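The sequence shown begins at 1 in full-length UniProt numbering and counts up one residue at a time.
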Amino acid sequence: MLQARQEPAVPGADIAALYRDHARALRQRARVLLGSSEEAEDVLQEVFLAMVASPGMHRGEASVFTLLYQMVTHKALDRCRARERRRGWLERFLPGVTEAGTGGGNGSIESIEAARDLRWMARSEPPRVLAAARLHFVDGHTQGEVARALGVSRKTVVRMLGQLTARVR
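Below is the structure:
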């Protein structure tokens, strides 16, 4: 039986060796652009995951470090742009709310955006589906907690949220 071999993103290179050799400089670049060590680490992980996931990414046009440096720069700038878009949206629609709280539920950017999307969907979705979506996406409850709150099985909640997500896309 033949097995498919996955070629490395950089021919002849070991991703772990690339990480050892370049991670420090790349992390510093991301930290300078983002102003956050945690976000810099996230960007670095995304870049190296992309290297693992996309065989043949390095085409030899530039050094591997140049490719990694460009990828880190682009991902960090994308995060900065997204942060500014969210900040502008917050200032426009919710004066006085800051972006300090990010994460699920309780006034975070994600929950505010989810609430806005739910208001838009409220015109066409059944009330039970909207309740499940609000509890899960806006308030940050787990699917099991939503199931208990609505008196249905977790499987039903998964199905409702899956169908809703498919319709929204």
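Even glycine gets a Cβ: it sits at the ideal position worked out from N, Cα and C.
The structure displayed is predicted, hence computed values, not measured ones.
Exercise. Is MET71 helix, strand or coil when you go by DSSP?
Worked result: MET71 falls in the helix class under three-state DSSP.
Exercise. What do you get for LEU68, buried or exposed, if any count of 16 or more other CB atoms within 10 angstroms of its CB means buried?
Worked result: LEU68 is buried by the Cβ-count criterion.
Exercise. Looking at the structure shown, is GLU125 part of a helix, part of a strand, or coil, going by DSSP?
Worked result: Residue state, collapsed to three classes: coil.
Exercise. Which term fits ARG79, buried or exposed, when burial requires 16 or more other beta carbons within 10 angstroms of its beta carbon?
Worked result: By the neighbour-count rule (16 or more Cβ atoms within 10 Å), ARG79 is buried.
For this session: Select from VAL157, ASP14, HIS136, VAL64 the residue whose C-alpha is nearest the C-alpha of LEU26.
Result: Ranked by Cα distance from LEU26, the first of VAL157, ASP14, HIS136, VAL64 is VAL64.
For this session: Output the distance between the C-alpha atoms of GLU61 and LEU150, rounded to the nearest integer angstrom.
Result: Near 57 Å, if we compare the C-alpha coordinates of LEU150 and GLU61.
Problem set entry | Helix, strand or coil at ASP14 [DSSP, three-state] | In this structure, ASP14 counts as coil in the three-state DSSP scheme.
Problem set entry | Identity of the residue in LEU49, SER36, ASP21, THR142 nearest LEU77 by Cα | Minimum Cα distance to LEU77 is reached at SER36.
Exercise. Skipping 5 residues on each side, what residues in its chain have a beta carbon closer than 6 Å to that of HIS22?
Worked result: So the list reads PHE65, LEU68, once near-sequence residues are dropped.
Exercise. Roughly how many whole angstroms lie between the Cα atoms of TYR19 and ALA131?
Worked result: Approximately 45 Å, taken between the alpha carbons.
Problem set entry | Through-space distance from ARG128 to MET51, alpha-carbon basis | Cα-Cα distance, rounded: 43 Å.
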